[in-house]
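Undergrad:
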Amino acid sequence: MAAIAYDLIAVRPGRLLPILGVFAAAIVAGLGAALIMALAGHQITGMTNRVPWGLPHVFAYFLILSASGALNVAVIASVFRRADYKPLEPLSALIAVACLVGGLSLLVLDLGRPDRLMLTMTSANPRSIFAWNVVLYTGFMAVAVAHLITVIDRRFAWFGGITGHTANIWRFVLTTGTGLDLGVLVGRELIHSAVLAPLFISLALTYGLAVFLLALPGLAWLGGGTTDRALMQRLGRLLGLFVAVSAYLAVVLQAVHLYAPDGRDVVAFLLVEGGVYTALFWGGQIGLGTVVALVLAFGGRPIAAAAATVVGGFATVYVTLISAQVLPQAILPGMTVTSAFGDGALATYQPALVEWVFGVGGLAIAATVAIVACRLFRILPKASAGAGVRAIGG
Amino acid sequence: MTDPRRTSDRPTSACPMAETDAPRPAGRSRRQALAAFAAGAAATMLAPGVVLITGAAPGAARPPGTPASPAQRWGLLIELGHCADGCARCVEACQTEHGWHAGDHGAHDPHWIRLVSATDDTHGRTLNLPLMCQHCAAPPCRDVCPTHATFRRADGIVLVDRHRCIGCRYCVMACPFSARFFTPGALTDQRPHMPRGQGTAEGCTLCVHRIDQGQIPACVEACAAAGGGAMRFGDLADPDDPIRAALAELPTARLRPDLGLGTAVHYGDL
């Protein structure tokens with residue numbers, strides 16, 4: 001096989017630098033929001049003792065899931081040895097790393113005491129999935145970077161098979177841990193389920209591929225390059241498959257709840273009575289993120305399908321995470337309870353502006369890492385980099 | 395009869411019969427002896443209550459440097475039938491003891507202990523249930539904590555090491571009783587024995603600082619002082635502790651037994 005030509009992203013007047021400027025401003029604003037939260041405390045956010053995890057976690061979970069799935073193309077190229085995907089292998093690994101950097105930045109900076117982060121390593125609790133995830137996230141970052149190096153530096157190409165397989169296995173373990181972060185919570189009925197593990201694996205494959213499908217034309221536009229239409233179509237159909245599997249597992253999760261007599265109220269809340277959460281479930285997760293995404297994906301519009309998947313996916317993570325906390329815990333099953341703390345009543349969660357700014361800052365970090373890396377390292381195949389080669393792979 | 399609210403306050407007070415066996419002081423009259431006997435009997439009858447109300451030891455104070463004993467398992471028995479409607483002495487005592495306040499910041503406020511009004515859906519009976527950390531044998535908050543900040547002491551008390559807490563709130567997510575809280579802002583009016591910190595988790599400590607000094611938790615003491623007597627504290631692992639006898643006699647239940655957490659708070663009349 002002929003050597004694949006990679007290039008730096010081209011600096012097109014009026015594109016790259018202004019966009020980077022916007023992202024830099026978003027990062028500065030996000031860091032400012034983090035600083036305000038650290039100084040004033042989380043009392044300025046919408047997160048409370050009823051809803052301890054809020055919008056920052058939604059952004060973080062979405063980015064971390066996307067990181068795992070963004071590696072899809074690299075895995076197809078290295079593990080399944082599909083040569084036509086080889087030109088996009090480094091970009092796939094880069095997007096994975098970038099999403100992870102953005103997501104982890106949010107998780108860390110949202111901590112009540114981010115200055116004590118090192119304790120997660122020096123005093124790690126082996127019982128805690130959270131502690132395991134610290135290892136899994138940093139390890140995934142290391143493996144993805146290693147794989148990226150094997151692809152962009154041909155001297156290490158011989159090592160690419162090992163890093164590819166390792167990264168593939170690692171991301172499944174990582175996403176299992178991410179799902180079980182929530183699935184093990186015995187007091188949160190909407191998400192207390194082992195199904196969360198396969199569901200999150202599927203969501204990761206879906207969101208990551210969608211993000212990749214948006215990043216590819218985005219980067220091509222920034223550098224004045226092009227994308228391969230046939231390849232995009234193939235990836236679009238693969239996205240449709242992942243969307244369908246995710247929808248299936250979401251149905252399984254609710255069906256398991258429905259089967260248990262004490263789970264029916266919980267499902268009724270999500271599907272019928274949950275107000276904004278019901279609207280987001282039907283409109284975001286099912287409508288936009290599943291039905292519309294499927295129609296577009298198999299209708300030959302991969303980028304639009306990816307956009308629908310990302311927006312619907314964000315709604316899915318929001319509904320999954322927040323509705324599980326808003327729903328009152330069943331401290332005394334069979335009894336109607338009230339208290340000054342709000343036991344028995346639905347909690348309210350209204351994300352504060354500072355949370356939005358903070359979360360968007362995390363997205364901007366991910367995007368900036370990807371763009372800057374494309375400028376510093378030869379990661380884009382020449383077509384996407386704007387070097388005039390129209391065909392990618394194939 | 396020994397007051398069951400007074401639990402493991404071993405050794406018991408002086409036995410009047412022992413006094414009669416002791417050599418009498420020279421020149422002591424029969425009337426003096428009878429008076430001494432009456433005083434001893436009265437002390438025997440009243441001491442448990444007096445001791446309880448003044449917050450005296452359920453056991454000897456733990457000497458500094460001595461680790462908590464795994465042979466002990468501190469717990470509570472709360473007889474809900476004795477909880478007077480509208481009484482919140484236990485909550486007030488906890489607030490005073492630990493310096494937390496609720497009511498100003500909605501769901502941001504901590505509630506180390508709170509009163510839950512629970513009405514049975516079947517027969518409509520309503521109970522007022524003091525709810526606090528249940529000090530589980532297998533605490534989910536301990537299991538999810540990434541840094542060992544939440545830990546379970548050898549004697550069963552579940553605590554938060556504020557110096558290790560990174561403020562991830564995973565414990566708040568994990569507690570099935572909503573009994574773990576996050577401090578979302580700067581604090582004032584802190585108690586020297588209970589330092590708290592912005593950005594860290596907290597919850598009922600079972601008044602561990604008092605237990606280690608041989609005293610009972612502030613809520614139990616306040617309940618007894620108010621005359622309700624609904625709350626008892628003791629060593630669940632000690633077969634001779636009155637709380638064990640009370641648990642054997644009374645119909646009690648624990649919250650969410652289906653979860654198998656081994657909670658240390660038992661509720662009577664639930």
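Heads up: the sequence lines are chains A and B, in that order. Using the working numbering, you'd call the opening residue of the first sequence number 1 and step up by one each time. Using the working numbering, you'd call the opening residue of the second sequence number 395 and step up by one each time. Even glycine gets a Cβ: it sits at the ideal position worked out from N, Cα and C.
Tell me which residues of the segment 177-191 of chain A have at least one Cβ-Cβ distance to chain B shorter than 9 Å, keeping chain order.
TA: Flagged, chain order: 181, 182, 184, 185, 186, 187 and 188.
Undergrad: Measuring alpha carbon to alpha carbon, tell me which of B:519, B:623 and B:468 ends up nearest residue 605 of chain B.
TA: In the second sequence, the residue the question calls residue 605 of chain B occupies position 211. It is B:468.
Undergrad: Restricting to runs no shorter than 3 residues, where is the beta strand (DSSP E) found entirely within the segment 526-568 of chain B?
TA: 544-546 and 552-554
Undergrad: Just the chain A side, please: which residues come within less than 8 Å of residue 592 of chain B by C-beta, in chain order?
TA: Indexing the second sequence from 1 puts residue 592 of chain B at position 198. Taking a Cβ-Cβ cut-off of 8 Å, the neighbours of residue 592 of chain B in chain A comprise 41 and 112, given in sequence order.
Undergrad: Quick one: residues in its chain with C-beta nearer than 6 Å to the C-beta of residue 177 of chain A, no 5 flanking neighbours on either side, listed in chain order?
TA: Residue mapping note: residue 177 of chain A aligns to position 177 of the first sequence, counting from 1. Once the five neighbours on either side are set aside, the close Cβ partners of residue 177 of chain A are 129, 132, 133 and 136.
Undergrad: Could you tell me if the beta carbon of residue 460 of chain B falls within a distance shorter than 7 Å of some heavy atom in the ligand MN?
TA: The ligand content of the structure shown is nil, which means the ligand MN is not present either.
Undergrad: With H, G and I counted as helix, E and B as strand and the rest as coil, what does DSSP make of residue 524 of chain B?
TA: In the second sequence, the residue the question calls residue 524 of chain B occupies position 130. If DSSP states are grouped into helix, strand and coil, residue 524 of chain B belongs with the strands.
Undergrad: I want to verify the contact list: residues of chain B whose CB lies under 8 Å from the CB of residue 329 of chain A, in sequence order.
TA: Here residue 329 of chain A is taken as the residue at index 329 of the first sequence, counted from 1. Correct list: 570, 571 and 572.
Undergrad: Going by DSSP, what residues sit across from residue 588 of chain B in a beta bridge?
TA: As a first step, residue 588 of chain B is located in the second sequence; it is residue number 194 there, counting from the start. For residue 588 of chain B, which the question treats as bridged, DSSP gives the partners B:585.
Undergrad: Roughly how many whole angstroms lie between the Cα atoms of residue 663 of chain B and residue 50 of chain A?
TA: Position 269 of the second sequence holds residue 663 of chain B. Position 50 of the first sequence holds residue 50 of chain A. Whole-angstrom Cα-Cα distance: 28 Å.
Undergrad: What three-state label does DSSP hand residue 57 of chain A in the structure shown?
TA: Here residue 57 of chain A refers to the residue found at position 57 of the first sequence. Three-state DSSP puts residue 57 of chain A in a helix.
Undergrad: For residue 660 of chain B, report the span of its beta strand (DSSP E) as first-last.
TA: One-based indexing of the second sequence puts residue 660 of chain B at position 266. Unbroken beta strand (DSSP E) run through residue 660 of chain B: 659-662.
Undergrad: For residue 323 of chain A and residue 264 of chain A, what's the separation of their Cα atoms in angstroms?
TA: Translated into positions along the first sequence, residue 323 of chain A becomes position 323. Translated into positions along the first sequence, residue 264 of chain A becomes position 264. If you take the alpha carbons of residue 323 of chain A and residue 264 of chain A, they lie about 15 Å apart.
Undergrad: State buried or exposed for residue 259 of chain A, treating a residue as buried only when at least 16 other CB atoms are found within 10 Å of its CB.
TA: Sequence index remark: in the first sequence, residue 259 of chain A carries index 259 (1-based). Exposed: under 16 other Cβ atoms inside 10 Å.
Undergrad: If you compare alpha carbons, which of A:377, A:314 and A:341 is closest to residue 290 of chain A?
TA: In the first sequence, counting from the first residue as 1, residue 290 of chain A sits at position 290. Among A:377, A:314 and A:341, the Cα nearest to that of residue 290 of chain A belongs to A:314.
Undergrad: Does the CB of residue 343 of chain A have a neighbour CB from chain B at under 8 Å?
TA: Counted from its first residue, the first sequence places residue 343 of chain A at position 343. It does; some Cβ of chain B falls within 8 Å.
Undergrad: Candidates B:656, B:637 and B:655: which alpha carbon is nearest residue 472 of chain B's?
TA: Residue 472 of chain B sits at position 78 when you count from the first residue of the second sequence. Taking the Cα of residue 472 of chain B as reference, the smallest distance to any Cα among B:656, B:637 and B:655 is reached at B:637.
Undergrad: Does the segment 570-579 of chain B come into contact with the segment 15-23 of chain A, if we say contact requires no fewer than three beta-carbon pairs (one atom in each stretch) closer than 8 Å?
TA: no
Undergrad: Going residue by residue through the segment 113-149 of chain A, where are the continuous alpha helix (DSSP H) segments of at least 4 residues, counting only ones entirely within it?
TA: Fully enclosed alpha helix (DSSP H) runs of 4 or longer: 119-122.
Undergrad: For residue 130 of chain A, would you say it is in contact with chain B, using Cβ-to-Cβ distances shorter than 8 Å as the test?
TA: Looking up residue 130 of chain A in the first sequence gives position 130. So yes, residue 130 of chain A belongs to the interface.
Undergrad: My output table needs one value for residue 415 of chain B: the three-state DSSP class, helix, strand or coil.
TA: Against the second sequence, residue 415 of chain B aligns to sequence position 21. Legend: pLDDT at residue 415 of chain B = 34, less than 50; position of this residue unreliable, no value from coordinates given.
Undergrad: Leaving out the 5 sequence neighbours to the left and right, which residues in its chain are closer than 6 Å to residue 16 of chain A when beta-carbon positions are compared?
TA: Reading the first sequence from its first residue, position 16 is the one you call residue 16 of chain A. Excluding sequence neighbours, residue 16 of chain A sits near 222.
Undergrad: Quick one, which residues of the segment 551-568 of chain B are near chain A if we go by CB-CB under 8 Å, in chain order?
TA: 558, 559, 560, 561, 562, 563, 564, 566, 567 and 568
Undergrad: For the segment 490-508 of chain B, list every residue whose C-beta sits within 9 Å of some C-beta in chain A, in sequence order.
TA: 496, 497, 499, 500, 501, 502, 503, 504, 505 and 508
Undergrad: Out of curiosity, what's the CA-to-CA distance linking residue 481 of chain B and residue 343 of chain A?
TA: Taking the second sequence and counting its residues from 1, the one referred to as residue 481 of chain B is at position 87. Taking the first sequence and counting its residues from 1, the one referred to as residue 343 of chain A is at position 343. Roughly 18 Å separates the two Cα atoms.
Undergrad: Is there contact between the segment 332-351 of chain A and the segment 45-59 of chain A, where contact requires at least three CB pairs shorter than 8 Å?
TA: yes
Undergrad: Establish whether the CB of residue 645 of chain B and some CB of chain A are separated by less than 8 Å.
TA: Working through the second sequence from its first residue, we reach residue 645 of chain B at position 251. Not closer than 8 Å to any Cβ of chain A, the Cβ of residue 645 of chain B fails to qualify, so no.
Undergrad: Could you tell me if residue 395 of chain A is buried or exposed, where buried requires 16 or more neighbouring beta carbons within 10 angstroms of its beta carbon?
TA: Since the first residue of chain A shown is 1 and the last is 394, residue 395 of chain A is not available in this structure.
Undergrad: Any beta carbon from chain B within less than 8 Å of residue 256 of chain A's own beta carbon?
TA: Your numbering for residue 256 of chain A matches position 256 in the first sequence. So no, residue 256 of chain A is outside the interface.
Undergrad: Mapping the DSSP letters down to three states, classify residue 108 of chain A as helix, strand or coil.
TA: The residue you call residue 108 of chain A lines up with position 108 of the first sequence. Residue state, collapsed to three classes: helix.
Undergrad: Determine whether the Cβ of residue 649 of chain B lies closer than 8 Å to any Cβ atom of chain A.
TA: Working through the second sequence from its first residue, we reach residue 649 of chain B at position 255. Yes, its Cβ sits closer than 8 Å to a Cβ of chain A.
Undergrad: Would you please verify whether the beta carbon of residue 481 of chain B is less than 8 Å from any beta carbon of chain A?
TA: For the purposes of this step, residue 481 of chain B is taken as residue 87 along the second sequence, with counting starting at 1. Not an interface residue.
Undergrad: Taking the beta carbon of residue 283 of chain A as the centre, do at least 16 other beta carbons fall within 10 Å, making it buried, or is it exposed?
TA: Counting from 1 along the first sequence, the entry for residue 283 of chain A is found at position 283. Burial call: exposed.
Undergrad: How would you call residue 171 of chain A, buried or exposed, if buried means at least 16 neighbouring beta carbons within 10 angstroms?
TA: Stepping through the first sequence from its first residue, residue 171 of chain A is reached at position 171. Buried, since its Cβ has 16 or more Cβ neighbours within 10 Å.
Undergrad: What's the call for residue 506 of chain B, buried or exposed, on a 16-neighbour Cβ count within 10 Å?
TA: For the purposes of this step, residue 506 of chain B is taken as the residue at position 112 of the second sequence. Per the 10 Å Cβ criterion, buried.
Undergrad: At least one CB of chain A closer than 8 Å to the CB of residue 542 of chain B: is that the case?
TA: By one-based count along the second sequence, residue 542 of chain B stands at place 148. By this cut-off, residue 542 of chain B is an interface position.
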